[in-house]
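Participant: Take this structure, written in structure tokens, and hold onto it; I'll ask about it next.
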Amino acid sequence: MRPASEAELAEAVAGSVGPLVIRGGATRFVGGAEGEVLQTSGLAGVVLYEPAALTLVVRAGTPLAEVEALLASERQRLAFEPPDLRGLLGREGVSTIGGVAAANASGPRRVQAGACRDAMIGVRFVTGRGEVVKNGGRVMKNVTGYDLVKLMAGSHGVLGVLSEVSFKLQAMPEAEATLVLEGLDDAAGLAALRRALGSPFDVSGAARVAGRSLLRVEGMAGSVSYRLGRLRQMLAGDATVLEGTASAALWREVREVTALAGRPGDLWRLALVPSAAAEVAAAVGGEAVFDRGGGLVWLLLPEGQGEALRTAIAGRGQAALIRGAGASPFAPEAAEVAALSAGLKAAFDPRGILNRGLI
Amino acid sequence: MDMPSPDASILARKARILARLAAVLPKDALIGDEAETRAYECDALSAYRCLPLAVVLPRTTAEVSAALRVCHEEGVPVVPRGAGTSLAGGAMPTADSVILGLARMTAVLETDYDNRFVHVETGRTNLSVTGAVEAEGFFYAPDPSSQLACAIGGNIAMNSGGAHCLKYGVTTNNLLGVRLVRMDGTVITLGGPWGEPSGLDLLGVVCGSEGQLGVVTEAWLRILPKPEGARPVLAGFSSNEVAGACVADIIRAGILPVAIEFMDRPCIRACEAFARAGYPECEALLIIEVEGSEAEIAEQLGRIRQIVLAHDPVEFREAGDEDEARRIWLGRKSAFGAMGQINDYMCLDGTIPVSALPLVLRRIGEMSRDFGLEVGNVFHAGDGNMHPLILYDANRPGDLERCEAFGAEILKLCVEVGGCLTGEHGVGIEKRDLMGVQFSAADLEAQMRVKDVFDPGWLLNPAKVFPLAASAGRRAG
Ligand SMILES: Cc1cc2nc3c(=O)[nH]c(=O)nc-3n(C[C@H](O)[C@H](O)[C@H](O)COP(=O)(O)OP(=O)(O)OC[C@H]3O[C@@H](n4cnc5c(N)ncnc54)[C@H](O)[C@@H]3O)c2cc1C
């Protein structure tokens, strides 16, 4: 199925008898839903772009690359730098903006500018009942009624099929640069990232890959060099600086977790209290890419390490297996919370036809 | 304002309900006496009042849970309350409801500078969260004007914003997790200091749910390192259009000030008369604040100066020192007080796309003449959140009704131009019956289904947010 309008989408869902697999570009799909494929690529196009208001309204099936090119032409961007995970997850296809929203796909700038959900200001979607629902809108501040925009962000298609998403945008900075710290072990290298994040120097990326700690600053040229200098002073030690496109290329690798792409093993995505990251990674072994100062850890482990990993985390975060047998985009939740999630699933999709089995 | 008539069977069981609450709460945590419950009859929307059945003021999550369990079993509606500063009537009780006040739960449970969060009880005031971490150079970003009084629990329920949210976002963007007590007394945790949901983003929908999904007793909040410095500038213009165009140009230029505040002539006049901040005589005034080190501030202000000067301002004033900075903010910060000095006022907070600003201000001016009521506008210009303050005389019969009708027209206009009814104050009872202007029946139904899941009996703050007719079949009684 490939509806060409929201009305067709509503009809398709309402009229469907069996389960549906909601597919944008299938580039970040995790888990094992089965059923007839419902393709969103027919719902494409920009509905409204107002650069002076930093606002974009776009249909869900629009390719991410098109959106990014349009914004770049006005020197603007999506602040949350959605990662392209095709390499990491072994996917092909064309990422859509609806898929980005449904996965709450957010990159390293989350430490400073927030996640995809924080930039989402409105949605339109079709519930599993086939009803068209809108929530939020095109303005940045809106507390009218419940915030279903947040509920839809990261819901991986289990509550409804997104037909349209509105974003708050960001101006592209004039300059960017990255401070690269060498010669530190994981514990010290991650501590340096946390110190930088706790400084007033407005760090927009704090990652650790292959034994190097990376700190990004962006903004007006004078401000970037000032803050870089202060960070360097504060963190004394071996440091080099990458600027402009070299810096941008580095953060692309962080975002796409290139270091772990195409490698065999189970791939885990951990959300942690940052100071626990070094210890958790050391306890279970494997190979880690640390983002968000340790708040996000991508971990490549041999199969069957789930128990050991969860024991190591012990109340300091959560882990989702995103590549491997039994992969799911969601981390396990406490029974009372899972009951609420199941309740919402039943309320929005009583027949349980949307991405069945994912939640 | 219509409120559902109280459930007579609950009123008849008052003694029994109070006795059951008394059995699970410490003696001083339960108030049934009218002389004392009167303090809880309204919030900052003080035109509407009602005495509750009783007030409970627990000290622990366990006591909150115990009180809710009793109310759940007795089928008694519960209205959670922080500091009662809601401008939307969100904390107003009904005669058959129990007020559950969090004012005694103010502890800081953990501060973690290494991981940049603070874990607090939600009766704690907004400003005192910053107070708890500022010695270490940190702050909690959302800063509603009411921050001295309002509680974190109320901020979470209303998803409150503040003057600096252009850069730092509103409550939902700074909230990492909560402890939530459901109506049946179940205690759950959503999110946590690592700041991610495990499954669906339930925290995201709890934030801004106006006390209808659960009682939030604890919160993990993100704290941020304080910037090295901040400085405002003031720019006066000969028309609203020009001021609006200037805002658009600043944003287009890629500059992100922490705040862009806008005041129109009636508001400037009132502030001058009240606070004597020394504002220029003009049609529209902008206060723009930037942050950073001295050099960074100078870099940003240099760009802003260029843009402002290109719009032929009546005045452009940079703060040379702390005192001048304070004077620039003085008028803006006393805007509500200044308007209140002239008369009673109603404060609206619809949001509009910033491009619609000149049109909306012109239409408000016309309506002001038609309704015969004065209105002043303060406005978070960077994000389109308006605060028209309509002046009326509470002692003159018919004035309040006229003022409400005028307010409703302004809010409808906000929706018509692509905006919304409320940007930060919430729906409460105030905008409840206008929800149909912004939402279809299916839109509202989807929201109410969320409440069905969290609070199947519709006992938590039931007569708010949704038009009474829309929620009639779900609410008890
Ligand atoms: C002078 C003035 C200026 C203001 N300026 C701003 C501003 O700049 N920005 C802004 O956003 N708002 C502003 N407000 C509005 C108000 O202060 C906010 O809505 C605030 O968050 C309310 O907090 P409170 O503790 O007073 O909540 P209350 O008024 O007690 O309650 C508000 C709502 O929250 C619910 N609630 C309270 N505590 C809990 C809890 N623990 N769990 C679940 N639900 C709960 C209540 O049931 C109610 O629905 C202003 C108000 C005034 C009077």
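Here the protein sequences come in this chain order: A and B. Going by this note's numbering, the first residue of the first sequence is number 235, and it counts up by one from there. Going by this note's numbering, the first residue of the second sequence is number 2, and it counts up by one from there. Even for Gly, the Cβ is constructed at its ideal location relative to N, Cα and C.
1) Ordered along the chain, which non-local residues of its own chain (more than five positions away) have a Cβ less than 7 angstroms from that of A:A515?
2) Which residues of chain A have a Cβ atom closer than 8 angstroms to the Cβ of B:Y114, listed in chain order?
3) Is the segment 552-561 of chain A in contact with the segment 498-509 of chain A, if contact means three or more CB pairs nearer than 8 angstroms?
4) Can you name, in chain order, every residue of its own chain whose Cβ lies under 7 angstroms from the Cβ of A:K402, other than the five neighbours on each side?
5) Looking only at DSSP bridge pairs, what is A:F314 linked to?
6) Is the Cβ-Cβ distance between A:A426 and A:W485 less than 9 angstroms?
7) Rank A:Q467, A:G391, A:A409 and A:G471 by C-alpha distance to the C-alpha of A:A422 and give the top, closest one.
8) Which ranges does the alpha helix (DSSP H) cover as unbroken runs of at least 4 residues, wholly within the segment 3-44 of chain B, from first to last along the chain?
9) Compute every distance between the C-beta of B:M159 and the non-hydrogen atoms of ligand 1, then say whether any falls below 8 angstroms.
10) Is it the case that the Cβ atoms of A:A411 and A:V451 are separated by a distance below 9 angstroms?
11) Could you please tell me which residues of the segment 176-196 of chain B, in chain order, have their CB closer than 9 angstroms to any CB of chain A?
12) Run down chain B in chain order and give the residues with a C-beta less than 7 angstroms from the C-beta of A:E365.
13) So that I know if they touch, is there some Cβ in chain A lying closer than 9 angstroms to that of B:K15?
14) Between B:F337 and ligand 1, is the CB less than 8 angstroms from at least one heavy atom?
15) Just checking: is the beta-carbon of B:H381 within a distance shorter than 9 angstroms of some beta-carbon in chain A?
16) Go ahead and pull the three-state DSSP assignment for B:I157.
17) At 8 angstroms on the CB atoms, spell out the chain A contacts of B:R223, in chain order.
18) Are the segment 536-548 of chain A and the segment 7-16 of chain B touching by the rule of at least three beta carbon pairs closer than 8 angstroms?
19) Run down chain A in chain order and give the residues with a C-beta less than 8 angstroms from the C-beta of B:P198.
20) From which residue to which residue does the alpha helix (DSSP H) around B:G132 run?
21) Within the segment 345-425 of chain A, note down every full alpha helix (DSSP H) run reaching 4 residues or more, in order along the chain.
22) Kindly indicate the opening and closing residues of the beta strand (DSSP E) around A:S447.
23) Below 8 angstroms on the Cβ atoms is my guess for B:V130 versus B:L222; work out the distance and round it to an integer in Å.
24) Which complete alpha helix (DSSP H) runs does the segment 283-335 of chain A hold, if anything under 4 residues is left out?
25) Quick one: what does DSSP say B:D394 is sitting in, helix, strand or coil?
26) Using a Cβ cut-off of 8 angstroms, which residues of the segment 404-432 of chain B contact any Cβ in chain A, in chain order?
27) Alpha carbon to alpha carbon, how far is B:K15 from B:V361? Give it in angstroms, no decimals.
28) Report whether the distance from the Cβ of B:E262 to the nearest heavy atom of ligand 1 is below 8 angstroms.
29) Examine chain B for any beta-carbon lying closer than 9 angstroms to the beta-carbon of A:F401, and answer yes or no.
30) For A:D352, go through chain B and note every residue whose CB falls closer than 7 angstroms to its CB, in chain order.
31) Tell me whether the beta-carbon of B:L103 lies closer than 9 angstroms to the beta-carbon of B:V216.
32) Residue range of the alpha helix (DSSP H) that A:G540 falls in?
33) Any heavy atom of ligand 1 closer than 8 angstroms to the Cβ of B:H426?
34) Enumerated in chain order, which unbroken segments of the alpha helix (DSSP H) with a length of 4 residues or greater are wholly contained in the segment 171-221 of chain B?
35) Excluding the five sequence neighbours on either side, which residues of its own chain have a C-beta within less than 8 angstroms of the C-beta of B:A406, listed in chain order?
36) Go ahead and pull the three-state DSSP assignment for A:M235.
Facilitator: The short version:
1) D420, A522, V531 and L533
2) G432
3) yes
4) L288, T289, A353, I355 and M374
5) A:F314 is not bridged to any residue.
6) no
7) A:G471
8) 9-13, 15-25 and 35-38
9) yes
10) yes
11) R183, T187, V188, I189, T190, L191, G193, P194, W195 and G196
12) A443
13) no
14) yes
15) yes
16) helix
17) Simply none; closest approach about 10 angstroms.
18) no
19) G388
20) N127 to V134
21) 350-353 and 382-386
22) R446 to G453
23) 6 angstroms
24) 298-307 and 320-323
25) coil
26) G419, G420, C421, L422, T423, G424, E425, H426, G427, V428 and K432
27) 49 angstroms
28) no
29) no
30) G170 and N174
31) yes
32) G540 to I547
33) yes
34) 203-207
35) F372
36) coil
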